[in-house]
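Visitor:
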Amino acid sequence: MTAPAAVVIGGSAGALEVLRAIVRELPQPLSCPVVIVIHLPAHSSGLAELLGAETPLIVKQAEDKEPMVGGTVYIAPPSYHLLVESQRSFALSVDPPVHFSRPSIDVLFETASDVYGAGLIGVLLSGASEDGAAGLQEIHTAGGTTIVQSPLSAEVAIMPAAALALFEPTYIWSPNDIAFGLTSLLSGRSP
Amino acid sequence: MRLDISDAEIRQLLETLYQRYHYDFRQYASASLKRRLLQALTHFHCQTLAQLQERVSSDESAFPRLLEYLTVQVSDLFRDPEFFLAVRTQVIPLLATYPSLKLWVAGCSTGEEAYSYAILLAEEGLLERTRIYATDINDGSLRKAQQGVYSLDRMKQFTLNHRTAGGHGSLSDYYHAAKDSAVMAPKLKQHITFADHSLATDSIFSEVQLVSCRNVLIYFDRTLQDRSLGLFNDALCRRGFLCLGTKESVRFSAHAHRFQEISSEQKIYRRVD
């Protein structure tokens, strides 16, 4: 297996608690960047602080043209799409919403997959939208590792179920397994 | 969306557009451009960028349609009302000290931002002595901007924005409803000059007291961002104002030291010296 070069995580309704558990268990030091898109109302920008309280790692909003640095957790700013550029840096856009969402998980996943290929781990959590399913499938097709929260464990199953309808991911895990399994993958162990 | 077109193919297409039509997208940020090109491929029923390139090289009418995919931004009147509120409270009192005013809205797309400034200035009693230059590279967008006709069903949101932005009159004083559209008032239009201008290839055309370029620089790479910020600095009068998008900044630019931040939240700067 290729050593993970980056992790992208997407979620919507019901994803916040899972996300907190994931961030809490992230290994330190962490060699790769972790990038998160979560659908939230346009003006809630306190997510970085909320997740930052769970880990000594740096948790921050991604900025336009900022290089992606290992050991940092980046969050898409509200109302902007977050894209990965070929130089492994971020770009923002105000292009129209995808699946009624901006930021869109598909946009992050597809652009990250384009750059990181098999080195990418994609995680899709609980949510009430189909955003992210097609993007996760792209990661899968490009040889990356894909993790889907099991629909039964999800507060809202629409998002993980949409991904499972498209392809068979590498892992289908409960929140607890995602938090610890991701840590194992990032530490180079098999989960 | 499958992003399976190569950077080399994209570079070749952009080179063709530049050579043939003198539109320079070569320093645009690649990830957004790639997504938009893929949408264009679908629209033109092309399988590859080479086919699309062939199409725009041989068929002049195809280029304006491709341009729509590469440039058009949808905006609102008083988009980001908090920003316009900050302009109203922090910038307008200082602009009011100038005997005549020039504003430059760079990358005006279909005109919503330019009309927002015109309404704001009218409400603050400054429009009579103001000229707004609103520029874009897309002639189709400029024509729509000049017409100033927006769908009537957008007016509800625009009215809400206007109020949140500290608007003291009624927004309906600035447009008239015709069937299902709203037509911006001539008293606004006569103070706005819509013109073709490229931040990638053109130079400055006037000294201005305020430059507004919001959510345009995020589509550029660092080099073109720097070129644009250099143009803005050169165009601004001493202590003139620069307004960027909420997630844009002069911080990483070679021109950072030439601007002083006056609102970190709303990204409003003043030219230093």
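Chains as they are written, first to last, in this note's numbering: chain A, 1 to 191; chain B, 192 to 464.
Each residue gets a CB set at the ideal place from its N, CA and C atoms; glycine is no exception.
These numbers come from a predicted model, not from an experiment.
1) Can you give the Cα-Cα distance for A:A157 and A:S126, rounded to whole angstroms?
2) For chain B, check one thing: does any of its Cβ atoms lie closer than 9 Å to the Cβ of A:V196?
3) Would you mind stating whether A:Y80 and B:K438 have Cβ atoms separated by less than 9 Å?
4) So is B:A386 buried or exposed if we call it buried at 16+ other beta carbons inside 10 Å?
5) Can you tell me the Cα-Cα spacing of B:Q451 and B:E273, whole angstroms?
6) If you run the structure through DSSP and keep just helix, strand and coil, what is A:E25?
7) Taking the alpha-carbon positions, what's the A:R24 to A:T55 distance?
8) Rounded to whole angstroms, what's the CA-CA distance from B:S454 to B:Y460? Just pull it up for me.
9) Looking at C-alpha atoms only, which residue of A:L182, A:P4, A:D114 and A:Q137 is the closest neighbour of A:M159?
10) Quick one: list the residues of chain B neighbouring A:T146, beta-carbon separation under 7 Å, in chain order.
11) Judging by CA-CA distance, which residue of B:E206, B:A305 and B:L257 is the nearest neighbour of B:Q230?
12) Leaving out the 5 sequence neighbours to the left and right, which residues in its chain are closer than 6 Å to B:V407 when beta-carbon positions are compared?
13) Sort A:T146, A:V115 and A:A154 by Cα distance to A:A128 and report the nearest one.
14) Below 9 Å between beta carbons: does that hold for B:I310 and B:H353?
15) Count the other CB atoms, across all protein chains shown, that sit within 10 Å of the CB of B:F443; report buried if there are 16 or more and exposed otherwise.
16) Do you know how far the Cα of B:E304 is from the Cα of A:P191?
17) Restricting to runs no shorter than 4 residues, where is the alpha helix (DSSP H) found entirely within the stretch 158–183 of chain A?
18) If I follow the unbroken alpha helix (DSSP H) through B:Q400, where does it start and stop?
19) Which residues mark the beginning and the end of the alpha helix (DSSP H) in which B:Y460 is found?
20) Can you confirm whether B:K225, when its beta carbon is compared against all beta carbons of chain C, has any partner nearer than 9 Å?
21) If the cut is a Cβ gap below 7 Å, which residues of chain A does B:A220 touch?
22) If contact means a Cβ-Cβ distance below 9 Å, which residues of the stretch 295–317 of chain B contact chain A?
23) Could you name the residues of chain A that B:R413 contacts, counting a contact when the two beta carbons are closer than 8 Å?
24) Taking beta-carbon pairs under 8 Å, can you tell me which members of the stretch 253–265 of chain B lie near chain A?
25) Once DSSP output is grouped into helix, strand and coil, what is the label at A:Q61?
26) Straight-line CA distance for B:D344 to B:R405?
27) Consider the Cβ of B:I409: report whether some Cβ of chain A lies at a distance smaller than 9 Å.
28) Just to confirm, is the Cβ distance from A:S113 to A:L120 under 9 Å?
29) What residues match up with A:E85 in a beta bridge as DSSP calls it?
30) Going by Cα to Cα distance, which pick from B:Y366, B:L204 and B:H382 is closest to B:A376?
31) Is B:M346 helix, strand or coil when you go by DSSP?
32) Give the straight-line distance between the Cα atoms of B:R270 and B:P290, rounded to the nearest whole angstrom.
33) Can you give me the Cβ contacts of B:K378 inside the same chain, cut-off strictly under 6 Å, excluding the 5 residues immediately before and after it?
34) Output needed for B:F411: all residues of its chain with C-beta closer than 7 Å, excluding positions within five of it in sequence on either side, in chain order.
35) Round the Cβ separation of A:L40 and A:A62 to the nearest angstrom and send it over; I've been treating them as touching at under 8 Å.
36) Does any residue of chain A have a CB that is nearer than 9 Å to the CB of B:N329?
Guide: For this structure:
1) 6 Å
2) Residue numbering for chain A in the displayed model covers 1 to 191; residue 196 of chain A lies beyond these limits and cannot be assessed.
3) yes
4) exposed
5) 20 Å
6) helix
7) 5 Å
8) 7 Å
9) A:Q137
10) Simply none; closest approach about 16 Å.
11) Of the listed residues, the one whose Cα sits closest to B:Q230 is B:L257.
12) G298
13) A:A154
14) yes
15) Under this definition B:F443 is an exposed residue.
16) If I take the Cα positions, the gap works out to 52 Å.
17) 158–166
18) First-last for B:Q400: V399 to C404, but that is the beta strand (DSSP E), not the alpha helix (DSSP H).
19) That residue, B:Y460, is in no alpha helix (DSSP H); its beta strand (DSSP E) goes I459 to R462.
20) Given the protein chain composition of this structure (A and B), no chain C is represented.
21) E85 and A91
22) none
23) K65
24) Those residues of the stretch 253–265 of chain B that come within reach of chain A (Cβ to Cβ, closer than 8 Å) are Q264 and V265.
25) It is a strand residue.
26) For the pair B:D344 and B:R405, the Cα-to-Cα distance works out to about 24 Å.
27) yes
28) The criterion of a C-beta distance shorter than 9 Å is satisfied by A:S113 and A:L120.
29) A:S89
30) B:Y366
31) helix
32) 28 Å
33) none
34) Q218, Y219, A220 and S419
35) So it is not a contact: roughly 15 Å between Cβ atoms.
36) no
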